[in-house]
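> One structure, pasted below without further comment.
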Amino acid sequence: MKVSLAVLVTIAAMGAAVPRAPAALAAQPPDPCIASALALSTSMQGAAGSREGFAIVRNTSSKACRLNGRPAVTIADKTLGNLHVHIVAGPTNVLDPKGAGSDRRLGILRPGRRAFSALRWGNYCGKAKGSFTLVATLPNGRGKLSAPLLSVGSSKPLPVSAPPCNGPGQPSDLDVGPFVIVSQSLQP
């Protein structure tokens, strides 16, 4: 059944509900996010035998984009380069206490909004002691972002120290969670 524009305007003017287009005709989802449209920061803190926190991305562009999946990450030291860290798929059940809206379920990151990936780094027995950088490659090879690993909880963010060596001869593990869009109610 075709409905002319004049009929829709008349129906709307009378206060009746205007029929919606079928879902198949709805607007196309935004393109996948690219690194040049995002800014990366970190928020880490010490935990019993590990360092835990988040890689946080913010959409700095004027367009919404899709951010689904898990970033591929490395930890680098300015003198030693990339550290030998075993990457593990982290938790997928990080909950947003305010609930998940459609943007979050679809991975839509609107301009100015943030998403996070949960991180947990444990058992580092290597030589690196200095400041570390997190390098995150977006899913589907859409570019790389980097940011210093910073500790939170003080008035000024400080570089994160490596987790303690709790198992000599065992690998250092970095658990990396999927991106989670932060709900609007939790945006700064």
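With this note's numbering as the guide, the letters of the sequence shown map in order to residues 1 to 188.
Yeah, the Cβ is synthetic: ideal placement off N, Cα and C, and Gly gets one too.
#1: For G122, count neighbouring C-beta atoms within 10 Å of its own C-beta (all shown protein chains included) and say buried if the count is 16 or more, exposed if not.
#2: Considering only DSSP beta bridges, list what D173 is partnered with.
#3: To the nearest angstrom, report how far apart G107 and C65 are at their CA atoms.
#4: What did DSSP end up calling G107 once you bin it into helix, strand or coil?
#5: Roughly how many whole angstroms lie between the Cα atoms of F54 and A118?
#6: Is it buried or exposed, A115, if we count other Cβ atoms within 10 angstroms and call 16 or more buried?
#7: Taking only three categories from DSSP, how would you classify A115?
#8: Rounded to whole angstroms, what is the Cα-Cα separation between E52 and G130?
#9: When the cut-off is 8 angstroms and only beta carbons count, does G46 lie next to chain C?
#10: What residues match up with L38 in a beta bridge as DSSP calls it?
#11: To the nearest angstrom, how far is it from the Cα of L190 to the Cα of I181?
#12: Suppose contacts are defined by Cβ-Cβ distances below 8 angstroms. Is L145 in contact with A136 by that definition?
#13: Around the C-beta of T60, are 16 or more other C-beta atoms found within 10 angstroms, so that it is buried, or is it exposed?
#14: Are the beta-carbon atoms belonging to F179 and N68 less than 8 angstroms from one another?
#15: What is the DSSP secondary structure of K98, reduced to helix, strand or coil?
#16: Can you tell me which residues form a DSSP beta bridge with Q45?
So, to answer that:
#1: G122 should be labelled buried.
#2: Per the DSSP secondary-structure output, D173 pairs in a beta bridge with H86 and G122.
#3: Rounded to whole angstroms, G107 to C65 spans 8 angstroms at the Cα level.
#4: Of the three classes helix, strand and coil, the one that applies to G107 here is coil, per DSSP.
#5: C-alpha of F54 to C-alpha of A118: approximately 5 angstroms in a straight line.
#6: So A115 ends up on the buried side.
#7: Assigned with DSSP and collapsed to three states, A115 falls in strand.
#8: Approximately 18 angstroms, taken between the alpha carbons.
#9: As a matter of chain content, chain C is missing from the structure shown, which is built from one protein chain.
#10: Answer by DSSP bridge pairing, in chain order: N59.
#11: Not covered by the structure: residue 190. The range shown for the chain is 1 to 188.
#12: The beta carbons of L145 and A136 sit closer together than 8 angstroms.
#13: Exposed, since its Cβ has fewer than 16 Cβ neighbours within 10 Å.
#14: Contact: yes.
#15: For K98, the predicted model reports a pLDDT of 45, less than 50, meaning its position is unreliable; a value from the coordinates is still stated below. DSSP, read as helix, strand or coil, puts K98 in coil.
#16: Answer is E52, bridged to Q45.
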